[in-house]
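Just so it is clear: in the sequence shown, position 155 is 155 by the numbering used here, and no numbers are missing.
Report on the following structure.
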Amino acid sequence: MDNFLPNPPHPETEWSACTLYSENAMTIQAALDVPLTDASVCLGPDGWYYMTGTVRSTQEKSVHAGIPLWKSRNLKEWQQVPAVRSHSREAAAASSPEIHYLRGTFWITYSLEQGGTGLLKSVTGSIEGPYDELGMMTSDGTDASIFEDDDGAVYWLYQDGNIARMKDDLSGLAEEPRLLEAAAWKKWIRSDKASLTKDLRIGTHGAFMKKIDGLYYLFCAEPFNRMGCEGTDTFVAVSSHIYGPYSRRYLVIPHGGQATVFAGNDGTIYAAFSGCGAYSPVRSRPAILPLELAGRGFIRPDRGFILEEGAVAGLQPLGQFPLRDPHVYTGPDGTYYLTGTSDRPHTDFWNGNDELHIWSSGDLKEWKHLVKAWDLHIDGTWQNHIYDSPCLWAPEIIYVHDTFWLTYSLKGGSTGLLKSVSGKAEGPYIDMGRMTNTDIDSSLFQDDDGTVYFVWQNGKIARMKHNMTGFAEDSRQLLDADGIPVGYEGAFIVKYKGKYILGAAEWHGDERVDGTYDLMYAVSDHIYGPYSHRHVAVPHGGHGTMFVDRDGRLMCTLFGNDRTAPFRARLGIVALHMDIEADHVIIRPDEAVRLGGNART
Numbered sequence: 001m002d003n004f005l006p007n008p009p010h011p012e013t014e015w016s017a018c019t020l021y022s023e024n025a026m027t028i029q030a031a032l033d034v035p036l037t038d039a040s041v042c043l044g045p046d047g048w049y050y051m052t053g054t055v056r057s058t059q060e061k062s063v064h065a066g067i068p069l070w071k072s073r074n075l076k077e078w079q080q081v082p083a084v085r086s087h088s089r090e091a092a093a094a095s096s097p098e099i100h101y102l103r104g105t106f107w108i109t110y111s112l113e114q115g116g117t118g119l120l121k122s123v124t125g126s127i128e129g130p131y132d133e134l135g136m137m138t139s140d141g142t143d144a145s146i147f148e149d150d151d152g153a154v155y156w157l158y159q160d161g162n163i164a165r166m167k168d169d170l171s172g173l174a175e176e177p178r179l180l181e182a183a184a185w186k187k188w189i190r191s192d193k194a195s196l197t198k199d200l201r202i203g204t205h206g207a208f209m210k211k212i213d214g215l216y217y218l219f220c221a222e223p224f225n226r227m228g229c230e231g232t233d234t235f236v237a238v239s240s241h242i243y244g245p246y247s248r249r250y251l252v253i254p255h256g257g258q259a260t261v262f263a264g265n266d267g268t269i270y271a272a273f274s275g276c277g278a279y280s281p282v283r284s285r286p287a288i289l290p291l292e293l294a295g296r297g298f299i300r301p302d303r304g305f306i307l308e309e310g311a312v313a314g315l316q317p318l319g320q321f322p323l324r325d326p327h328v329y330t331g332p333d334g335t336y337y338l339t340g341t342s343d344r345p346h347t348d349f350w351n352g353n354d355e356l357h358i359w360s361s362g363d364l365k366e367w368k369h370l371v372k373a374w375d376l377h378i379d380g381t382w383q384n385h386i387y388d389s390p391c392l393w394a395p396e397i398i399y400v401h402d403t404f405w406l407t408y409s410l411k412g413g414s415t416g417l418l419k420s421v422s423g424k425a426e427g428p429y430i431d432m433g434r435m436t437n438t439d440i441d442s443s444l445f446q447d448d449d450g451t452v453y454f455v456w457q458n459g460k461i462a463r464m465k466h467n468m469t470g471f472a473e474d475s476r477q478l479l480d481a482d483g484i485p486v487g488y489e490g491a492f493i494v495k496y497k498g499k500y501i502l503g504a505a506e507w508h509g510d511e512r513v514d515g516t517y518d519l520m521y522a523v524s525d526h527i528y529g530p531y532s533h534r535h536v537a538v539p540h541g542g543h544g545t546m547f548v549d550r551d552g553r554l555m556c557t558l559f560g561n562d563r564t565a566p567f568r569a570r571l572g573i574v575a576l577h578m579d580i581e582a583d584h585v586i587i588r589p590d591e592a593v594r595l596g597g598n599a600r601t
């Protein structure tokens with residue numbers, strides 16, 4: 001199988017992304033404007049596609065008494081067909097139905113809200129039925145599904161990946177169910193999150209199997225807390241044998257929840273799902289999504305569909321040069337200056353990238369390279385005596401005390417400060433020494449009274465001496481109202497509308513595998529707090545930074561560092577909207593403000 005499965009790369013890697021949106025990608029639309037969850041679609045022998053699912057609305061349930069059905073020739077226009085009705089008490093209370101065609105007829109699997117799974121069979125071979133009740137296949141479990149292998153053997157699946165071969169006449173199970181498990185995640189997981197590496201589940205519910213090019217793809221759904229909010233995603237694990245062993249699981253449909261996968265008339269692989277979560281464009285509505293095979297065992301959404309709502313989802317990168325941890329500053333003359341972690345000179349962000357570069361722009365859209373401001377091989381002093389191959393990370397630029405300053409950090413820990421001796425962003429710069437012996441991600445903030453503060457890592461802060469040679473006080477840790485850091489890295493402070501905004505990066509989900517790298521914030525009326533509860537400001541924003549543009553708008557940088565970001569390791573800029581209420585402040589991306597050419601349609 002593809003190397004993506006046993007050796008997942010860092011999520012900044014573009015080729016391994018879950019979402020890779022094309023330049024002309026469009027937001028996915030609902031196939032039906034009906035509150036339908038657990039959407040299931042299959043292709044019939046007559047060339048029609050058939051859909052079912054769970055109707056959640058009381059009003060819709062009265063219209064579609066029984067198990068609802070629709071059909072379509074093209075997966076776009078759907079028409080209602082008579083619902084499937086059963087005389088059995090169990091089937092009448094069915095939820096999560098799936099429609100399947102095998103052995104010359106239609107079958108509907110279903111579940112009961114209180115647990116238990118059952119099967120209906122069309123006795124005529126047509127979608128209209130009538131259907132025979134074959135009884136309950138299991139007395140517990142939910143989200144039943146059925147799978148026919150190439151040799152004609154049929155398997156019953158349900159809930160979180162339970163499977164059992166069925167009797168030849170499909171009247172029951174021929175063996176005890178067993179639980180299929182995924183391989184443990186082995187890379188890009190923090191050592192203090194051991195539970196993530198030991199968890200072998202593929203999902204919590206919605207098991208569904210599809211065989212593609214000789215491999216078994218087992219899909220499951222799980223609530224995942226990506227982007228720091230409630231939502232349910234679709235995961236998959238892959239094996240060359242039906243009972244495994246299966247690969248590690250990976251995210252396949254963001255906000256997809258329980259999904260079914262089928263081949264179209266033209267051979268295209270599609271997923272039918274209902275949007276799950278606040279960021280889904282098709283919340284509680286069914287949608288049809290083409291899938292692509294990006295490698296053997298590696299399946300993901302087609303590039304032509306945006307699967308997320310909000311200003312960030314449609315962003316396109318503003319610069320084609322690789323960049324992480326981008327920072328933009330509005331200079332005293334109105335020029336915008338950009339810096340961040342560069343991959344130079346070895347096109348590698350993690351080994352030997354020891355150059356600090358600055359770009360400039362007059363409009364935040366077009367960026368030109370201004371200067372290589374610092375090179376550890378040429379300009380380095382103390383930095384080269386700490387690490388054998390130092391990496392220069394996360395620089396930021398600011399204008400205070402009539403000149404420009406650059407903060408930066410080193411891979412492995414330590415932060416430093418550079419000063420422009422010309423008063424210009426181009427420098428040249430001199431080394432002001434080491435600011436901290438540990439930690440990373442340093443930033444400078446100047447308050448209205450001229451006082452300058454050094455902010456770093458997860459919200460540590462210290463007031464600077466007036467001559468900027470070091471700290472004028474002991475450092476302290478800023479915490480939110482729950483007594484926790486606002487994030488774990490990339491901390492900064494910006495003041496806007498009289499409020500101190502403390503920002504930092506945090507992972508949601510499963511850290512660096514399929515989670516999201518989001519920008520968090522908390523606000524205060526005083527620089528040392530108390531700060532509010534923390535919230536997500538920019539999904540996928542991670543270690544970006546906020547700044548105020550020439551027009552007084554609050555803006556934010558981002559670079560894409562997770563598998564569902566709109567792009568990876570490139571500069572993005574999003575406008576922010578800030579609402580100040582009596583007891584809280586809300587900051588979120590502003591969809592009404594777009595930088596020209598910076599959004600997909």
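Where is the CB? At the ideal position from N, CA and C, for every residue including glycine.
Within a Cβ cutoff of 8 Å, which residues of the same chain sit near residue i, ignoring the five residues on either side of it in sequence?
i, result
"T124", "T105, P130"
"E14", "L20, F567, R568, A569"
"D348", "none"
"D474", "A462"
Considering Cα atoms alone, identify which of the options is closest to residue i.
i, options, result
"F208", "D169, S171, F547, Y110", "Y110"
"T451", "I527, E133, F4", "I527"
"E82", "I99, L338, I127, G483", "Correcting the residue type first, residue 82 is Pro in the shown sequence and not Glu. Minimum Cα distance to P82 is reached at I127."
"G433", "F321, Y49, G470, A259", "G470"
"R226", "E366, G135, I253", "I253"
"K211", "I398, A263, A17", "A263"
"I269", "R248, D302, P245, I242", "D302"
"L69", "G310, P45, Y337, A39", "A39"
"G542", "I461, M520, Y337, L392", "M520"
"L293", "G529, V238, G490", "V238"
"G503", "S475, D482, W456", "W456"
"G297", "T27, Y246, E581", "Y246"
"R85", "W78, Q159, G275, A94", "A94"
"L119", "T415, L364, P35, G172", "G172"
"D439", "M468, E489, G427, G483", "E489"
"D169", "G314, L323, V154", "V154"
Between residue i and residue j, which are expected to be in contact by the criterion C-beta below 8 Å, what is the C-beta distance as a whole number of angstroms?
i, j, result
"A505", "I587", "No, A505 and I587 are not in contact; Cβ-Cβ is about 15 Å, not under 8 Å."
"V486", "R534", "5 Å"
"L200", "S240", "Actually they do not touch by this definition, with Cβ atoms about 18 Å apart."
"A272", "A259", "6 Å"
"L571", "D590", "That belief does not hold up - the Cβ atoms of L571 and D590 are roughly 18 Å apart, past 8 Å."
"T27", "I306", "5 Å"
Can the beta-carbon of residue i be found closer than 9 Å to that of residue j?
i, j, result
"S443", "E511", "no"
"A569", "D343", "yes"
"L251", "T232", "no"
"F559", "T330", "no"
"G257", "T557", "no"
"V606", "R553", "The displayed coordinates of the chain run from 1 to 601. Any statement about residue 606 would go beyond what the structure contains."
"P539", "E308", "yes"
"S422", "T407", "no"
"A425", "K460", "no"
"T117", "W78", "no"
"E181", "G161", "yes"
"A394", "D447", "no"
"G206", "F224", "no"
"R285", "G295", "no"
By Cβ distance below 7 Å, which residues in the same chain neighbour residue i in space, the five residues on each side in sequence not counted?
i, result
"D375", "D354, E355"
"C42", "Y50, I99, H100, Y101, F262"
"Y135", "It is Gly, not Tyr, that sits at residue 135 in the sequence shown. Answer for G135: G118, listed in chain order."
"M464", "V452, Y453, F454, F471, A472"
Short of 6 Å in beta carbon distance, which residues of its chain neighbour residue i, apart from the five on each side in sequence? Order them along the chain.
i, result
"V523", "K499, I501, S532, V585"
"S191", "Low confidence applies here, because S191 scores a pLDDT of 47, under 50, leaving its location unreliable; read the following figure in that light. Nothing meets the Cβ criterion."
"T335", "S360"
"M412", "At residue 412 the sequence reads Gly, which differs from the Met that was named. Closer than 6 Å at the Cβ level, and outside the excluded window around G412, lie Y387."
"W48", "K71"
"H401", "none"
"P9", "S16"
* Any chance you could list the beta strand (DSSP E) runs of at least 3 consecutive residues sitting entirely within the stretch 486-558, in chain order? => Runs found: 489-496, 499-508, 516-524, 535-538, 546-548, 554-558.
* Asked: Can you list, in chain order, the stretches of the beta strand (DSSP E) that have 3 or more residues and sit fully within the stretch 270-341?
  -> 286-295, 298-301, 324-330, 336-341, all fully within the stretch 270-341.
* Asked: In the stretch 101-157, which residue ranges form an unbroken beta strand (DSSP E) of at least 3 residues, counting only runs that do not cross its ends?
  -> The qualifying runs are 105-112, 117-122, 131-138, 145-148.
* Unbroken stretches of the beta strand (DSSP E), 3 residues or longer, contained in the stretch 372-423 -> Taking only runs of at least 3 residues, the beta strand (DSSP E) segments lying wholly in the stretch 372-423 are 392-400, 403-410, 415-420.
* Quick one: complete alpha helix (DSSP H) runs, 4+ long, within the stretch 30-75? -> Runs of the alpha helix (DSSP H) inside the stretch 30-75: 58-63.
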